[in-house]
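Chains as they are written, first to last, in the working numbering: chain H, 8 to 149; chain R, 8 to 149.
The beta carbon of each residue, even a glycine, is placed where N, CA and C say it ideally should be.
Note that the structure is predicted; figures quoted are calculated from it, not measured.
One structure below.
There are 2 protein chains.
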Amino acid sequence: MFELDARLEADTYFVAKTALCRLLLMDDARFPWLILVPEVAGISEPFDLSESDQTVLWRESMRLSRFLKAHYQADKLNIAALGNQVPQLHLHHIARYHSDVAWPGPVWGIGTPEPYAAEEATRLIGSLREGLALPLSLTLTA
Amino acid sequence: MFELDARLEADTYFVAKTALCRLLLMDDARFPWLILVPEVAGISEPFDLSESDQTVLWRESMRLSRFLKAHYQADKLNIAALGNQVPQLHLHHIARYHSDVAWPGPVWGIGTPEPYAAEEATRLIGSLREGLALPLSLTLTA
């Protein structure tokens, strides 16, 4: 049975469920950063998923990426499955700017995360749910 | 018309062509590191590809990843489309080990690349072509 990794749980806000995944917002106000976690137990690489779930994951990732880039008017998207620290399969989607603190390097392990103020997180999650409802067919039950 | 980015050209060896991509070996002996570059001009994000090319790219990436993890007996695969330094769309596939010099961080920008000796690169490319011929339907004309 799927259970979200404790570190992912601690470092993120729940946004919504998609057909395959749990969609999470990284609690770091420095970067617009969303994570798709397929709700499949015991998986650490995308190719460990069934072929049909691989396809769903990629389609969800593409829709999320396209939305993020437009919504945040980002200069670049970073999309990555790393999992060196948290082996549970999760796919990062990060809107990057030429002006952000990590540019042009990757964001992982750079500086100290800046947690969102609670009301800012609530506002942001609301706008993400609204913007992503159609492309990702979201449900909001955890 | 597609032309490989000059920095990718300088930093890699040509391995083969797939249905959609050019397959490159990063010239850094510290990490088994392969890159898929869709041969489509003017693309910087995977979702800029047509939907059918998105599907082909992902399928090629999954086959390459599965091969790399098994062939190199890696502890983890890192798969990423970043493009902060080279905007031409390219998808990294890196076999990672708990014992490698960058673990558990990402590899980009860490230390100094260690170029392969010429004969080692030739041997390695040969074994990659052999191992990937069937899953990736490679052709060897550049």
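Thinking C-alpha only, which one of ALA77(H), TYR123(H) and LEU11(H) is nearest TYR104(H)? Against the first sequence, residue 104(H) aligns to sequence position 97. Of ALA77(H), TYR123(H) and LEU11(H), the smallest CA-CA separation from TYR104(H) is found for ALA77(H).
How many Å lie between VAL44(R) and ALA109(R) at the Cα? Locating residue 44(R) in the second sequence gives position 37, where the first residue counts as 1. Locating residue 109(R) in the second sequence gives position 102, where the first residue counts as 1. Whole-angstrom Cα-Cα distance: 24 Å.
For LEU32(H), the nearest candidate out of ASP107(H), GLY116(H) and HIS97(H) (CA to CA): The residue given as residue 32(H) occupies position 25 in the first sequence. Distances from the CA of LEU32(H) to each of ASP107(H), GLY116(H) and HIS97(H) were compared; the closest alpha carbon is that of HIS97(H).
Can you tell me the Cα-Cα spacing of GLU16(R) and VAL22(R), whole angstroms? The residue given as residue 16(R) occupies position 9 in the second sequence. The residue given as residue 22(R) occupies position 15 in the second sequence. When rounded, the distance between both Cα atoms is 12 Å.
With a threshold of 7 Å on Cβ separation, who are the neighbours of PRO142(R) within its own chain once the five nearest residues in sequence on each side are excluded? The sequence position of residue 142(R) within the second sequence is 135, counting from 1. Around PRO142(R), the same chain offers ARG70 and PHE74 as residues with beta carbons nearer than 7 Å, after the five sequence neighbours per side are excluded.
What's the gap between the Cα of ASN91(H) and the Cα of PRO111(R)? Stepping through the first sequence from its first residue, residue 91(H) is reached at position 84. Stepping through the second sequence from its first residue, residue 111(R) is reached at position 104. Their backbone Cα atoms lie some 5 Å apart in a straight line.
From PHE54(H) to THR129(H), what does the alpha carbon distance come to, in whole angstroms? For this step, residue 54(H) is matched to residue 47 along the first sequence. For this step, residue 129(H) is matched to residue 122 along the first sequence. One alpha carbon belongs to PHE54(H), the other to THR129(H), and they sit about 34 Å apart.
Compare the C-alpha of VAL47(H) against each of VAL63(H), ASP34(H) and PRO39(H) and name the closest. For the purposes of this step, residue 47(H) is taken as residue 40 along the first sequence, with counting starting at 1. Looking from the CA of VAL47(H), the closest CA among VAL63(H), ASP34(H) and PRO39(H) belongs to VAL63(H).
Counting only beta-carbon atoms, is GLY112(H) nearer than 7 Å to chain R? As a working mapping, residue 112(H) is identified with position 105 in the first sequence. It does: the Cβ of GLY112(H) has a partner Cβ on chain R nearer than 7 Å.
DSSP state of HIS100(H) mapped onto helix, strand, coil: Numbered from its first residue, the first sequence carries residue 100(H) at position 93. Three-state result, HIS100(H): strand.
Chain-ordered chain R contacts of LYS76(H) [CB-CB under 9 Å]: Here residue 76(H) is taken as the residue at index 69 of the first sequence, counted from 1. Correct list: GLU52 and PHE54.
Using DSSP with H/G/I as helix, E/B as strand and the rest coil, what is LEU56(R)? Taking the second sequence and counting its residues from 1, the one referred to as residue 56(R) is at position 49. Three-state DSSP puts LEU56(R) in coil, outside helix and strand.
Pick from ARG66(R), SER57(R), ALA81(R) and GLU58(R): whose alpha carbon is nearest that of ASP60(H)? What you label residue 60(H) is simply residue 53 of the first sequence in a count that begins at 1. Selected option, being the one with the closest Cα: ARG66(R).
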